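In what follows, a structure is listed as C-alpha cells, so that the remarks can point back to it.
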Amino acid sequence: MNEHDNDNRQNDMDPISGENVDVDGVYENEWGRVEKLERGDVFPKDPQLGSTEWELVELDFDNHHEGRTDPRLIPKDDDNDPEAHMQHPRRHKGSNKTDN
Numbered sequence: 000m001n002e003h004d005n006d007n008r009q010n011d012m013d014p015i016s017g018e019n020v021d022v023d024g025v026y027e028n029e030w031g032r033v034e035k036l037e038r039g040d041v042f043p044k045d046p047q048l049g050s051t052e053w054e055l056v057e058l059d060f061d062n063h064h065e066g067r068t069d070p071r072l073i074p075k076d077d078d079n080d081p082e083a084h085m086q087h088p089r090r091h092k093g094s095n096k097t098d099n
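For the sequence shown, numbering that gives the first Met the number 0 assigns the number 0 to the initial residue and increments by one for each residue that follows.
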C-alpha cells in the first residue's frame with residue numbers, strides 16, 4: 000500500500016448508526032463492538048455512546064459452511080467399463096473392433 004491508498008482510505012466514510020446495511024457481514028464500530036448484520040438491517044446505535052461509525056471486518060458468505068466440499072463438485076468414477084471412458088461424440092457405432 001502506498002501513500003495514495005492511505006489517503007483514499009482516510010477520505011472514505013464508513014456507515015454510521017441509522018444507515019441501511021448494504022452487505023452481509025461482521026461489522027465493528029469505532030469502540031470495538033462487533034455485530035453480525037445482514038443486508039437490509041439498520042446499523043444500531045451504541046447503547047451508551049449513541050451514533051457511531053461501523054466498519055466491515057468480515058464478509059459473510061455460504062461456502063463450505065460445514066467444512067465439507069459440496070458432493071456435486073467431487074469427480075466420480077463409478078463406471079468400471081473401460082469402453083465408457085473412451086467415448087467421443089464423433090465416434091461411430093461399429094467403428095471399434097469390439098463393436099458388432
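All residues carry an ideal CB built from backbone N, CA and C; glycine is no exception. Because the structure is a prediction, the values reported are computed rather than measured.
{"Check": "Environment of Leu36 [buried if 16+ CB atoms lie within 10 Å]", "Outcome": "buried"}
{"Check": "Host beta strand (DSSP E) of Gly24 (start-end)", "Outcome": "Gly24 to Asn28"}
{"Check": "Cut-off 7 Å between Cβ atoms - residues of its own chain near Glu29, not counting five sequence neighbours on either side", "Outcome": "Thr51 and Glu52"}
{"Check": "Distance, Gln47 Cα to Met0 Cα", "Outcome": "With a pLDDT of 46 at Met0, under the threshold of 50, the modelled position of that residue is not reliable, and the figure given next carries that caveat. If you take the alpha carbons of Met0 and Gln47, they lie about 36 Å apart."}
{"Check": "CA-to-CA distance, Glu34 to Met12, given in whole angstroms", "Outcome": "19 Å"}
{"Check": "Completely contained beta strand (DSSP E) runs for the segment 29-60, where each covers 3 or more residues", "Outcome": "33-36 and 53-58"}
{"Check": "Where Phe60 falls, given that 16 or more other Cβ within 10 Å makes a residue buried", "Outcome": "exposed"}
{"Check": "Chain-order list of residues whose beta-carbon lies under 8 Å from that of Val56 (same chain, five-residue window excluded)", "Outcome": "Gly24, Val25, Tyr26, Glu27 and Val33"}
{"Check": "Per DSSP, the bridge partner or partners of Glu15", "Outcome": "The sequence shown places Ile at residue 15, rather than the Glu named in the question. According to DSSP, Ile15 bridges with Glu52."}
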